[in-house]
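Residue numbering for the sequence shown follows our numbering, beginning at 5 and increasing consecutively.
Glycine is no exception: its CB is placed at the ideal position from the N, C-alpha and C atoms.
Beneath this line is the structure, given in structure tokens, with notes to follow.
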Amino acid sequence: MNNVSRLRYFIYLSLIILGGCTTGKNALQKGDYDVSVSKAVSRLQNSPKNGEALAVLKTAYELALKDHLRKIDEAKLSSNLFKWESIMYDYQKLNQLADEINSCPACLSVVPAPSKYVNEVAESRYNAAVFRYNSGVAYLNEGNRASAKKAYYEFEKVMNLQPNYLDVKTKMDDAYWAAVIKVVVQPIILNRGPYKFSADYFQQQIDQFIGSYSRNKFVVFYGEEQATNQKIVPDQILSLNFDDFVVGQTYVKERVEKLKRDSVIIGETRERKPVYGTVKATLSIFEKHISSSGLLDMTIMDWRNKKVIRQQKFPGTYVWRDSWASYKGDDRALNKNQLAMTRRKEIAPPSPGDLFLEFTKPIYSQLVDDIGYFYNSY
5 MNNVSRLRYF IYLSLIILGG CTTGKNALQK GDYDVSVSKA VSRLQNSPKN GEALAVLKTA
65 YELALKDHLR KIDEAKLSSN LFKWESIMYD YQKLNQLADE INSCPACLSV VPAPSKYVNE
125 VAESRYNAAV FRYNSGVAYL NEGNRASAKK AYYEFEKVMN LQPNYLDVKT KMDDAYWAAV
185 IKVVVQPIIL NRGPYKFSAD YFQQQIDQFI GSYSRNKFVV FYGEEQATNQ KIVPDQILSL
245 NFDDFVVGQT YVKERVEKLK RDSVIIGETR ERKPVYGTVK ATLSIFEKHI SSSGLLDMTI
305 MDWRNKKVIR QQKFPGTYVW RDSWASYKGD DRALNKNQLA MTRRKEIAPP SPGDLFLEFT
365 KPIYSQLVDD IGYFYNSY
């Protein structure tokens, strides 16, 4: 077979494969009748006289109709209380296929009256809502948090099916508050003068976190003042306190280096020729470290039985650094970096309040991660 013949063969083969895919023939052979109908409709919208697509559509729709009606009949005979949702889905799928065919004039030549089941969808939707509602009420009547969560999700499904069914909105709200864990967060008490403002700022960050917490809808945080004003009876108390903290521990280290450099021009002769020699200097390098650190205790207590259910401690450290240098002798013995260091002056460190805030940053990150991890499972 020459190259031209081989090329024609592959083009012909590709067209056969492509035609089979786009007309829905392959999907039909695999028993995927819904997909086969959709592909045939799509092909006929672009190529109304495609004979293969017309044949595929006629066969695929008949089989899809029989398949969905069979599933519906089997579901109706089932003892499964939640069968109406699957019944509704099958009716909806048949309506979708009918809409696709009705949007294609060429398709109506082989399927002139695709069946629609509008009333059947409405009836199955209503029945599904009834059974979900009754299931939610049964869960809610069990009177425990785990069942209240299940009830909430059942009522949520009712809302999606029949938003105005009986008192579902009220029941959903009742289930939610029966499932919610109410956590009151006690503020950090810190009255030590220069740090009070910074501690208040740290507390504000925590308040912002708990105020915007949304990882678990069944956990609600309250500030202590908010809980008092709203007369909230908590399920848990989350308290935060610094076990200890130290701000501004200062360490200054001096390192002395003897420097010399050879072959440096140190003068010139009468004939104005350079004179080379060795220059020396003593370099003193100063390094200042100001360390601040603290340890935050988080305790979560069950309000009813007064038992601690979680306790974690979060450390935080911040070290502020500065360095400068001075020298004695000939500055030509210093390299560029050493000379630049000697031109630096000792700078004033951050205020105690700023140092406090810096060491609380890693504490805050650990704290919010731990709170999120702990309450994700509720």
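Cα-Cα separation between residue 242 and residue 152, rounded to whole angstroms: 24 Å
What span of residues does the beta strand (DSSP E) with residue 174 cover, start to end? Run containing residue 174: none in the beta strand (DSSP E); it sits in the alpha helix (DSSP H), 172-183.
Are the CB atoms of residue 33 and residue 108 within a distance shorter than 8 Å? No, they are not a contact pair.
Report the residue ranges of all alpha helix (DSSP H) runs contained in full by the stretch 247-323; include only those spanning at least 4 residues, in chain order. none
Roughly how many angstroms separate the alpha carbons of residue 180 and residue 375, rounded to a whole number? 21 Å
Who are the near neighbours of residue 236 in its chain, counting only those whose CB is closer than 8 Å to its CB and skipping five residues on each side? Cβ neighbours of residue 236 beyond the five flanking positions: 186, 188, 226 and 230.
Other residues of its chain near residue 165: CB distance less than 6 Å, five sequence neighbours each side excluded: 129, 132 and 133
From 77, 71, 88 and 101, pick the residue whose C-alpha is nearest to that of residue 61; which is it? 101
What does the alpha-carbon distance come out to for the pair residue 325 and residue 343? 20 Å
At least 3 beta-carbon pairs within less than 8 Å: the stretch 301-316 vs the stretch 262-280: no
With burial defined as no fewer than 16 other Cβ atoms inside 10 Å of the residue's Cβ, what is the status of residue 367: buried or exposed? buried
Out of 365, 220, 350 and 159, point me to the one whose CA is closest to residue 380's CA. 220
Quick check on DSSP: helix, strand or coil for residue 241? strand
Quick one: is residue 158 buried, meaning 16 or more other Cβ sit within 10 Å of its Cβ, or exposed? buried
Residue range of the unbroken beta strand (DSSP E) whose run includes residue 217: Bounds of any beta strand (DSSP E) do not take in residue 217, whose DSSP letter is neither H nor E.
Considering residue 334, what are the terminal residues of the alpha helix (DSSP H) in which it resides? Run containing residue 334: none; DSSP gives neither H nor E here.
Return the CA-CA distance between residue 359 and residue 143, expressed in angstroms with no decimal places. 53 Å
Between residue 320 and residue 365, how many whole angstroms is the CB-CB distance? I'm expecting something under 8 Å. 7 Å
Under 8 Å, do residue 331 and residue 346 count as touching if we go by C-beta distance? Contact annotation: residue 331 and residue 346 have beta-carbon atoms nearer than 8 Å.
Quick check: what's the CA-CA separation for residue 292 versus residue 341? 18 Å
Span of the alpha helix (DSSP H) around residue 47: Boundaries of the alpha helix (DSSP H) around residue 47: 37-50.
Rounded separation between residue 75 and residue 99 - CA only: Note on geometry: alpha-carbon atoms of residue 75 and residue 99 lie some 15 Å from one another.
For residue 225, which residues does DSSP report across the bridge? Beta-bridge partners of residue 225 (DSSP): 187.
Residue 25, buried or exposed, once every other Cβ within 10 Å from all chains shown has been counted against 16: The predicted position of residue 25 is uncertain, since its pLDDT is 46 and thus under 50; a value taken from the coordinates is nonetheless stated next. Exposed.
Determine the closest residue to residue 68 out of 294, 57, 80 and 42, with distance taken between C-alpha atoms. The residue with the shortest Cα to Cα distance from residue 68 is 42.
Per-residue DSSP class, three states only, for residue 327: strand
Count the other C-beta atoms from every protein chain shown that fall within 10 angstroms of the C-beta of residue 91, then say buried if there are 16 or more, exposed otherwise. buried
Classify residue 19: buried if its beta carbon has 16 or more other beta carbons within 10 angstroms, exposed otherwise. Unreliable placement is indicated for residue 19, whose pLDDT of 45 sits below 50; no coordinate value is reported for it.
Distance check for residue 183 and residue 306, CA to CA, integer angstroms please. 16 Å
Is it the case that the Cβ atoms of residue 302 and residue 371 are separated by a distance below 8 Å? yes
Within a Cβ cutoff of 7 Å, which residues of the same chain sit near residue 111, ignoring the five residues on either side of it in sequence? 45, 48, 61 and 105
Burial state of residue 210, where buried means 16 or more other Cβ atoms lie within 10 Å: Flag for residue 210 reads buried.
Relative to the C-alpha of residue 199, which residue among 354, 59, 51 and 256 is closest? 354
Among residues of its own chain, excluding the 5 on either side of residue 295, which ones have a beta-carbon nearer than 6 Å to its beta-carbon? 253 and 323
Test item: CB-CB of residue 71 and residue 37 under 8 Å: yes
Could you tell me which of 114, 329 and 117 sits nearest to residue 259, measuring between CA atoms? Nearest option by C-alpha distance: 329.
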